[in-house]
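J.: Quick one: structure below, then a few questions.
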Amino acid sequence: MSQREPLLPALSMTTLFSYAFRPFFLLVGGAAVVLIAGWGLHLANLLVWPDPLSAKIIHGHEMLLGYTGGAIAGFLLTAVATWTGRPPVSGRLLMALCAAWIAARLGAWLPGSLGVVVWGLGSLLFWAGLLGLMAREVLGARNTRNYKVLALLLAFLVLEAIFFGTPGNPWVQEACLRAGLFLVLGMVSVVGGRIIPAFTQNWLRQMRPEIQARLPGFNRLDLAVVLITSVFAIGFGLWPLAAVTGWLGLIAGFAQAVRLARWQGWLTAREPLLWILHVGYAWIPLGFLLLGLGILGEPPVLDRGLHALAYGAIGTLILGVAARVALGHTGRPLQSFPAMTLAFVLISLGTLCRLLAPAMGALLGLSVALWVLAYALFLLQYAPILLRRGLKNAV
Numbered sequence: 000m001s002q003r004e005p006l007l008p009a010l011s012m013t014t015l016f017s018y019a020f021r022p023f024f025l026l027v028g029g030a031a032v033v034l035i036a037g038w039g040l041h042l043a044n045l046l047v048w049p050d051p052l053s054a055k056i057i058h059g060h061e062m063l064l065g066y067t068g069g070a071i072a073g074f075l076l077t078a079v080a081t082w083t084g085r086p087p088v089s090g091r092l093l094m095a096l097c098a099a100w101i102a103a104r105l106g107a108w109l110p111g112s113l114g115v116v117v118w119g120l121g122s123l124l125f126w127a128g129l130l131g132l133m134a135r136e137v138l139g140a141r142n143t144r145n146y147k148v149l150a151l152l153l154a155f156l157v158l159e160a161i162f163f164g165t166p167g168n169p170w171v172q173e174a175c176l177r178a179g180l181f182l183v184l185g186m187v188s189v190v191g192g193r194i195i196p197a198f199t200q201n202w203l204r205q206m207r208p209e210i211q212a213r214l215p216g217f218n219r220l221d222l223a224v225v226l227i228t229s230v231f232a233i234g235f236g237l238w239p240l241a242a243v244t245g246w247l248g249l250i251a252g253f254a255q256a257v258r259l260a261r262w263q264g265w266l267t268a269r270e271p272l273l274w275i276l277h278v279g280y281a282w283i284p285l286g287f288l289l290l291g292l293g294i295l296g297e298p299p300v301l302d303r304g305l306h307a308l309a310y311g312a313i314g315t316l317i318l319g320v321a322a323r324v325a326l327g328h329t330g331r332p333l334q335s336f337p338a339m340t341l342a343f344v345l346i347s348l349g350t351l352c353r354l355l356a357p358a359m360g361a362l363l364g365l366s367v368a369l370w371v372l373a374y375a376l377f378l379l380q381y382a383p384i385l386l387r388r389g390l391k392n393a394v
């Protein structure tokens, strides 16, 4: 990429809030650095998380429903303009949604009842606001294909209401976090199952025409995989230690692996913006297999399965999708910067370190450092892009 961006572009509020991906990808990048750095300091006994909830529950919520929720907002509110042909959500409404998200993140760090009130109210306002904005766009355009997205967002809002409505019941709150994990993975499974093979097919036609690969679209096999994953999600949410849930995890992991293999990701080794999507998705079948094994008799493997899904799949795919969306919606070529290719390598190595960390404790700190470095590189490379208008009169 020959065109260089100024390191500190002039800040224009009109530009920043012209599309949802601009403020939310900046906020998500910052949250990724701060939340994981803070968690690393907590694990090193250098930072005490505020009461009254356990640090583990706060960490899980902030990563699954805070950091990931911001990424979902940035992606959906950007994509919905394309889905519906309506003007993008922008201006004051977008500012208000960002403010609710920021208030929730700050509330999680405040001690005492004030922190819980700010945290809970901000979280509920964020998800309600996101649902309201998406409903206005999707229902206004009668975009029936994406009504299911509204159902998913409603589920997130209900989860938040249950989570903050049961402050003295850690079992219910942990169940909410398990459900939240699988809601995110369900969205990844549906959306990723459409965009990853489509992006791969388009790139192969343009850059490797000698390969006559025809990748399958979303078909009955994909639907079957999504349904199997949904059944496993219900089992893991309600009966996380039942043997039948473990077997469902193994079946879902195998099914997701078969699905991923059909997309032939090994053909995209030349383009980091593509192979990182395949690598990110690959952590889903591995995570399911590890969860299944952990439930069936290897409890230490459970933690590895959860982090394969959270750190590996969700963290990697957010980084890869944000990098691609920001380029595409600002009129820049879909080519990876060297710094982002390094970031992709770092987060992949970080996932491996996190999975090996229970057996090799020193790797836990390294996994924290690699995640923080990967997202710091994203901020350094993409802040100028997100804060400035695009090339060639793009948004």
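By numbering that gives the first Met the number 0, the letter at position 312 of the sequence shown is numbered 311, and the numbering carries on one by one without gaps.
Idealized CB from N, CA, C, for every residue including glycine.
(1) Looking only at C-alpha atoms, which of L318, G330 and F162 sits nearest to L372?
(2) How is the alpha helix (DSSP H) around N201 delimited, first residue to last?
(3) I need the DSSP call for Y374, collapsed to helix, strand or coil.
(4) Under the three-state reduction of DSSP, which class applies to G360: helix, strand or coil?
(5) Buried or exposed: which applies to T315, given that a residue is buried once 16 or more other Cβ atoms fall within 10 Å of its Cβ?
(6) Just to confirm my understanding: we take A321, look at its own chain, exclude 5 residues before and 5 after, and list those with CB closer than 6 Å. What are they?
(7) Can you find at least 3 beta carbon pairs, one from the segment 80-94 and one from the segment 133-148, that sit closer than 8 Å?
(8) Which two residues bound the contiguous alpha helix (DSSP H) that contains H277?
(9) Alpha carbon to alpha carbon, what distance is there between R353 and F16?
(10) L93 to M12, Cα distance in whole Å?
(11) Decide if W170 is buried, meaning its Cβ has at least 16 other Cβ atoms within 10 Å, or exposed.
(12) What do you get for R193, buried or exposed, if any count of 16 or more other CB atoms within 10 angstroms of its CB means buried?
(13) To the nearest angstrom, how far is it from the Cα of L253 to the Cα of L289?
(14) Between A78, F287, L214 and R91, which has its C-alpha nearest V190's C-alpha?
(15) In angstroms, rounded to a whole number, what distance separates the CA positions of E209 and L203?
(16) Which two residues bound the contiguous alpha helix (DSSP H) that contains F24?
(17) Rounded to whole angstroms, what is the Cα-Cα separation between A393 and N201?
(18) Whole angstroms is fine: what's the gap from A223's alpha carbon to G111's?
(19) Go ahead and pull the three-state DSSP assignment for Q334.
(20) Rounded to whole angstroms, what's the CA-CA distance from A19 to S89? Just pull it up for me.
(21) Give me the residue from V115, L285 and T267 with the minimum Cα distance to G248.
(22) Measure the C-alpha to C-alpha separation of F343 and A70 and round it to an integer number of angstroms.
(23) Across the segment 366-382 and the segment 25-38, are there enough close Cβ pairs to call them in contact, namely three or more that are closer than 8 Å?
(24) Nearest by alpha-carbon distance to L276: which of A382, A312, H60 and D302 is it?
(25) If you follow the alpha helix (DSSP H) that P60 is part of, which residue opens it and which one closes it?
(26) Please report how far the alpha carbon of P332 lies from the alpha carbon of R258, in whole angstroms.
(27) By alpha-carbon positions, which one of F155, H328 and W265 ends up nearest to G131?
(28) Just to confirm the assignment, what range does the alpha helix (DSSP H) spanning V320 have?
(29) Throw me the rounded Cβ distance for the A31 and Y280 pair, which I believe falls under 8 Å.
(30) With a threshold of 16 other CB atoms inside 10 Å of the CB of T199, please say whether the residue is buried or exposed.
(31) Counting C-beta neighbours from all protein chains within 10 Å, is the total for G296 16 or more, i.e. buried, or is it exposed?
(32) Could you round the C-beta distance between L341 and L363 to whole angstroms and report it? I think they count as a contact, below 8 Å.
(33) Note down, in chain order, each residue of its chain lying with its Cβ closer than 8 Å to the Cβ of M133, except the 5 sequence neighbours on either side.
(34) Count the CB pairs spanning the segment 220-239 and the segment 174-191 that are closer than 8 Å, and state whether there are at least three.
(35) Between the Cα of Y310 and the Cα atoms of L273, G349, W274 and L272, which residue gives the shortest distance?
(36) Within 10 Å of its beta-carbon, does R91 have 16 or more other beta-carbons around it, so buried, or fewer, so exposed?
T.: Taking the geometry as given:
(1) Within the sequence shown, the letter at position 373 stands for residue 372. For L372, the nearest C-alpha among the options comes from L318.
(2) Translated into positions along the sequence shown, residue 201 becomes position 202. Taken as a continuous stretch (DSSP letters only), the alpha helix (DSSP H) holding N201 covers P169 to M206.
(3) In the sequence shown, residue 374 corresponds to position 375, counting from 1. Here Y374 sits in helix by DSSP.
(4) By 1-based counting over the sequence shown, the position of residue 360 is 361. In this structure, G360 counts as coil in the three-state DSSP scheme.
(5) Looking up residue 315 in the sequence shown gives position 316. Buried, because 16 or more other Cβ atoms sit within 10 Å of the Cβ of T315.
(6) Against the sequence shown, residue 321 aligns to sequence position 322. F24, listed in sequence order.
(7) yes
(8) Taking the first residue of the sequence shown as position 1, residue 277 is located at position 278. Unbroken alpha helix (DSSP H) run through H277: P271 to I294.
(9) Working through the sequence shown from its first residue, we reach residue 16 at position 17. Working through the sequence shown from its first residue, we reach residue 353 at position 354. So the alpha carbons of these two residues sit roughly 36 Å apart.
(10) Counting from one through the sequence shown, the residue named residue 93 turns up at place 94. Counting from one through the sequence shown, the residue named residue 12 turns up at place 13. Their backbone Cα atoms lie some 11 Å apart in a straight line.
(11) Mapped onto the sequence shown, residue 170 falls at position 171. W170 is exposed by the Cβ-count criterion.
(12) Here residue 193 refers to the residue found at position 194 when the sequence shown is read from its first residue. It is exposed - the Cβ of R193 has fewer than 16 other Cβ atoms within 10 Å.
(13) Here residue 253 refers to the residue found at position 254 of the sequence shown. Here residue 289 refers to the residue found at position 290 of the sequence shown. Residue identity differs from the one stated: residue 253 is Phe in this sequence, not Leu. Each residue's alpha carbon lies about 11 Å from the other.
(14) Numbered from 1 along the sequence shown, position 191 holds the residue referred to as residue 190. The option with the nearest alpha carbon to V190 is A78.
(15) Looking up residue 209 in the sequence shown gives position 210. Looking up residue 203 in the sequence shown gives position 204. Rounded to the nearest whole angstrom, the C-alpha separation of E209 and L203 is 9 Å.
(16) Working through the sequence shown from its first residue, we reach residue 24 at position 25. Counting along the chain, the alpha helix (DSSP H) containing F24 begins and ends at F20 to L42.
(17) Translated into positions along the sequence shown, residue 393 becomes position 394. Translated into positions along the sequence shown, residue 201 becomes position 202. With a pLDDT of 45 at A393, under the threshold of 50, the predicted position of this residue should be treated as unreliable, though the coordinate-derived value follows. So the alpha carbons of these two residues sit roughly 21 Å apart.
(18) On the sequence shown, position 224 is the one that residue 223 refers to. On the sequence shown, position 112 is the one that residue 111 refers to. Each residue's alpha carbon lies about 46 Å from the other.
(19) In the sequence shown, residue 334 corresponds to position 335, counting from 1. Coil.
(20) Position 20 of the sequence shown, counted from the first residue, corresponds to residue 19. Position 90 of the sequence shown, counted from the first residue, corresponds to residue 89. Looking at the two C-alpha atoms, the distance is approximately 7 Å.
(21) Reading the sequence shown from its first residue, position 249 is the one you call residue 248. Cα-wise, what sits closest to G248 is L285.
(22) For this step, residue 343 is matched to residue 344 along the sequence shown. For this step, residue 70 is matched to residue 71 along the sequence shown. Using only the alpha carbons, I get a separation of about 17 Å.
(23) The segment 366-382 vs the segment 25-38: in contact.
(24) Position 277 of the sequence shown, counting from 1, holds the residue named residue 276. Answer by Cα proximity: A312.
(25) Mapped onto the sequence shown, residue 60 falls at position 61. The question names Pro, yet the displayed sequence has His at residue 60. Run containing H60: A54 to H60, per the alpha helix (DSSP H) assignment.
(26) Numbered from 1 along the sequence shown, position 333 holds the residue referred to as residue 332. Numbered from 1 along the sequence shown, position 259 holds the residue referred to as residue 258. Rounded to whole angstroms, P332 to R258 spans 29 Å at the Cα level.
(27) Start at 1 with the first residue of the sequence shown, and residue 131 comes out as number 132. From the listed residues F155, H328 and W265, the smallest Cα separation to G131 is found for F155.
(28) In the sequence shown, counting from the first residue as 1, residue 320 sits at position 321. Unbroken alpha helix (DSSP H) run through V320: G314 to G327.
(29) Residue mapping note: residue 31 aligns to position 32 of the sequence shown, counting from 1. Residue mapping note: residue 280 aligns to position 281 of the sequence shown, counting from 1. Not confirmed; about 19 Å, so no contact.
(30) As a first step, residue 199 is located in the sequence shown; it is residue number 200 there, counting from the start. So T199 ends up on the buried side.
(31) Taking the sequence shown and counting its residues from 1, the one referred to as residue 296 is at position 297. By the 10 Å Cβ count, G296 comes out exposed.
(32) The residue you call residue 341 lines up with position 342 of the sequence shown. The residue you call residue 363 lines up with position 364 of the sequence shown. The Cβ separation is near 22 Å, so there is no contact.
(33) Numbered from 1 along the sequence shown, position 134 holds the residue referred to as residue 133. Counting only Cβ-Cβ distances below 8 Å, and skipping sequence neighbours, we find L75, L76, V79, V148, L149 and L152.
(34) Yes, the segment 220-239 is in contact with the segment 174-191.
(35) In the sequence shown, residue 310 corresponds to position 311, counting from 1. Ranking L273, G349, W274 and L272 by Cα distance to Y310 puts G349 first.
(36) Start at 1 with the first residue of the sequence shown, and residue 91 comes out as number 92. Looking at its Cβ environment, which holds fewer than 16 other Cβ atoms inside 10 Å, R91 is exposed.
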